[in-house]
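Undergrad: Just so we're aligned, residue 0 is where the sequence shown starts under numbering that gives the first Met the number 0, counting upward by one.
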Amino acid sequence: MTPADLYLHNAEQVVTCASGAPRRGQDMASVQEFEHGSVAVRDGRIVAVGPSHALEGKFKADRTIDCRGRSLCPGFVDAHTHTVFGGDRAAEFEMRIRGASYLEIMAEGGGIVNTVKHTRAVSEDELVTSAAGRLDEMLALGATTVEIKTGYGLNVDDELKMLRVIDALDRVHPCDIVPTFLGAHAVPPEFEGDAEAYTRSVIGEILPEVTDWYGSSRFADRGVPMFIDVFCEDHAFDLDQSRRVLEAGIASGLRAKMHVDQFNDSGGVAMALELGASSVDHLDVTDREGIEMIAGSDTAAVLLPAVNFNLGMAEFADGRAMMDAGAVVALATDLNPGSAPCPSMPAVMAIACRYQRFTPAEALNASTINAAFAIGQGDVTGSIEVGKRADILILKEGDYRHIPYFFGGNPVLTVIKNGQVLNP
Ligand code: NIG
Ligand code: FE
């Protein structure tokens with residue numbers, strides 16, 4: 000018998016999402032499942048997965064969990080979040096209900112800049128504590144790997160402060176974190192009305208400090224990439240400014256991604272693809288031509304339907320058309336205090352199934368294997384495969400389709416992170 004730390008057996012389904020590459024088209028419609036499956040874990044990694052009858056009697060485990068009546072799936076990967084921030088924007092939530100739009104509030108100095116003021120004012124320790132609380136909730140709802148952006152500091156000191164918070168979270172929290180520099184998120188008050196001057200500051204002053212920081216960080220040490228992101232939009236950064244920021248980041252060794260086509264089509268998708276971006280995110284107003292371009296590339300389309308839901312919008316990114324065209328489609332919460340105060344990947348999957356016509360299998364692939372590839376983690380997590388990190392969810396129900404079907408609650412019974420059973 001082979002020794003193991005943990006043996007999960009007799010699950011009604013083991014949904015693996017296994018794939019050596021991001022899933023597209025028809026491949027997104029299947030999750031690859033074993034009826035009556037088992038998984039063995041050793042040293043934080045998956046050492047076996049298969050039908051229960053094939054694995055039974057082969058492992059001598061320190062701990063065995065009987066998963067009868069339950070199903071297993073990979074831990075979710077939340078590929079786009081703004082988890083670190085000070086303050087809240089409940090007042091803007093109410094303003095929007097009364098009729099103000101997100102862009103109007105932003106143009107009047109509210110929105111992202113409102114959160115920048117609060118984030119600058121609170122201490123590093125407070126930011127760690129508040130963000131760790133949010134991560135606790137995200138983890139309980141199944142997210143085991145989370146991308147986190149800066150973008151509420153918007154000067155050298157406060158962007159570095161946010162990065163130190165992100166690093167601290169990676170140390171203290173069970174979730175694995177992937178960092179993104181989003182200096183070009185909004186034009187800060189000191190540069191009001193002069194996006195051009197602030198763009199030069201992002202490239203000339205903030206980025207060099209950020210890349211220095213990354214170079215000597217634990218992230219670089221462990222081969223975790225750092226991304227550079229831009230909010231390409233009216234009242235934020237135009238196409239040319241976005242290009243210069245991304246090109247400077249790429250030249251410094253960061254990988255590109257972009258907030259694009261959220262409200263207005265600026266031509267940013269073609270530019271991002273030309274630069275070889277890892278992902279293009281939002282895509283609410285992307286037209287047919289843009290969808291075809293994404294489908295013909297290796298760049299992931301990261302859709303964020305909790306934003307549309309929270310902004311009370313009737314229109315959503317056309318995820319159905321993107322999947323049918325063969326694009327690599329992923330889902331994420333976009334957790335942030337303005338457009339998406341939502342820690343729940345299951346809620347995002349539920350919205351995607353209803354408003355973007357994802358099937359449960361497509362939503363699960365988009366939230367696991369494809370999301371992992373979208374943030375450069377497809378080789379280490381995002382599926383239940385031998386050799387990968389043991390990031391596994393025991394679901395309350397024996398049928399994984401309950402994740403988006405029975406919405407508004409928590410479908411996760413137990414989270415296993417790096418082989419550790421977190422909520423026994
Ligand atoms: O992805 N669109 C730009 N950035 C965020 C919102 C951040 C905020 O409102 O604080 C987004 O929606
Ligand atoms: Fe965002």
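The C-beta atom is built at its ideal place from N, Cα and C for all residues, glycine as well.
DSSP three-state label for R163, please.
TA: helix
Undergrad: Using only CA atoms, which one of L330, L134, L334 and S343 lies nearest to A371?
TA: The shortest Cα separation from A371 among L330, L134, L334 and S343 belongs to L330.
Undergrad: In this structure, how does DSSP classify E91 when only helix, strand and coil are distinguished?
TA: helix
Undergrad: My assumption, with CB atoms under 8 Å, is that R119 sits in contact with D157. Please give the rounded CB distance.
TA: 5 Å
Undergrad: According to DSSP, simplified to helix, strand and coil, what is G49?
TA: Judged by DSSP in its simplified three-state form, G49 adopts strand.
Undergrad: So, is I96 buried or exposed, given that buried needs 16 or more other C-beta atoms within 10 angstroms?
TA: exposed
Undergrad: What residue range does the alpha helix (DSSP H) around Y399 cover?
TA: Taken as a continuous stretch (DSSP letters only), Y399 belongs to no alpha helix (DSSP H), as it is neither H nor E.
Undergrad: With a threshold of 6 Å (Cβ to nearest heavy atom), would D333 be considered close to the ligand FE?
TA: At least one heavy atom of the ligand FE lies closer than 6 Å to the C-beta of D333.
Undergrad: What are the residues that DSSP puts in a beta bridge with A183?
TA: V229
Undergrad: Could you compute how far the alpha carbon of L238 sits from the alpha carbon of D398?
TA: 45 Å
Undergrad: Name the one or two DSSP bridge partners that D169 has.
TA: According to DSSP, residue pairing for D169 in a beta bridge does not occur.
Undergrad: Give a single yes or no on whether H234 has its beta carbon closer than 6 Å to a heavy atom of the ligand NIG.
TA: no
Undergrad: Starting from the Cα of D166, find the closest Cα among T128, V229 and A106 and give me that residue.
TA: T128
Undergrad: Do you know offhand how far L272's Cα is from G182's?
TA: 20 Å
Undergrad: Confirm, please, whether the CB-CB distance from S216 to C231 is below 7 Å.
TA: no
Undergrad: Does any heavy atom of the ligand NIG sit closer than 6 Å to the C-beta of V229?
TA: Relative to the non-hydrogen atoms of the ligand NIG, the Cβ of V229 never comes closer than 6 Å to any of them.
Undergrad: Could you give the DSSP three-state label for Q12: helix, strand or coil?
TA: strand
Undergrad: Rounded to the nearest angstrom, how far is the Cβ of V223 from that of V177, given a contact under 8 Å?
TA: 6 Å
Undergrad: Give the list of continuous alpha helix (DSSP H) stretches no shorter than 4 residues that lie fully inside the stretch 267-303.
TA: 267-273 and 287-294
Undergrad: Using DSSP bridges, identify the partner residues of Q419.
TA: K416
Undergrad: Using CA atoms only, rank isn't needed, just tell me which of V76, I415 and V115 is closest to D390.
TA: That would be I415, whose Cα lies nearest to the Cα of D390.
Undergrad: Does the stretch 356-376 come within contact of the stretch 77-86, defined as at least 3 CB pairs closer than 8 Å?
TA: Proximity of the stretch 356-376 to the stretch 77-86 meets the contact definition, three or more beta-carbon pairs being nearer than 8 Å.
Undergrad: According to the neighbour-count rule (16 or more other Cβ atoms, all chains shown, within 10 Å of its Cβ), is V30 buried or exposed?
TA: buried
Undergrad: Look at the Cβ atom of G375, then the Cβ atom of D4, and state whether they are nearer than 7 Å.
TA: no
Undergrad: Measuring alpha carbon to alpha carbon, tell me which of A139, A131 and V209 ends up nearest P171.
TA: Reading the sequence as shown, one finds Val at residue 171 and not Pro. The candidate whose alpha carbon is nearest that of V171 is A131.
Undergrad: From the DSSP output, which residues share a beta bridge with E34?
TA: Q12
Undergrad: Quick one: what's H234 bridged to in DSSP?
TA: Note: H234 sits in no beta bridge, so no partner.
Undergrad: So, G115 versus P187, is the Cβ gap smaller than 7 Å?
TA: First, the residue type needs correcting, since residue 115 is Val and not Gly in the sequence shown. In this structure, P187 lies closer than 7 Å to V115 by Cβ.
Undergrad: For the beta strand (DSSP E) that I111 lies in, which residues bound it at each end?
TA: First-last for I111: I111 to A120, but that is the alpha helix (DSSP H), not the beta strand (DSSP E).
Undergrad: At which residues does the beta strand (DSSP E) containing P336 begin and terminate?
TA: Counting along the chain, P336 falls outside any beta strand (DSSP E), and DSSP gives it neither H nor E.
Undergrad: Classify E11 as buried or exposed, calling it buried when 16 or more other Cβ atoms lie within 10 Å of its own Cβ.
TA: buried
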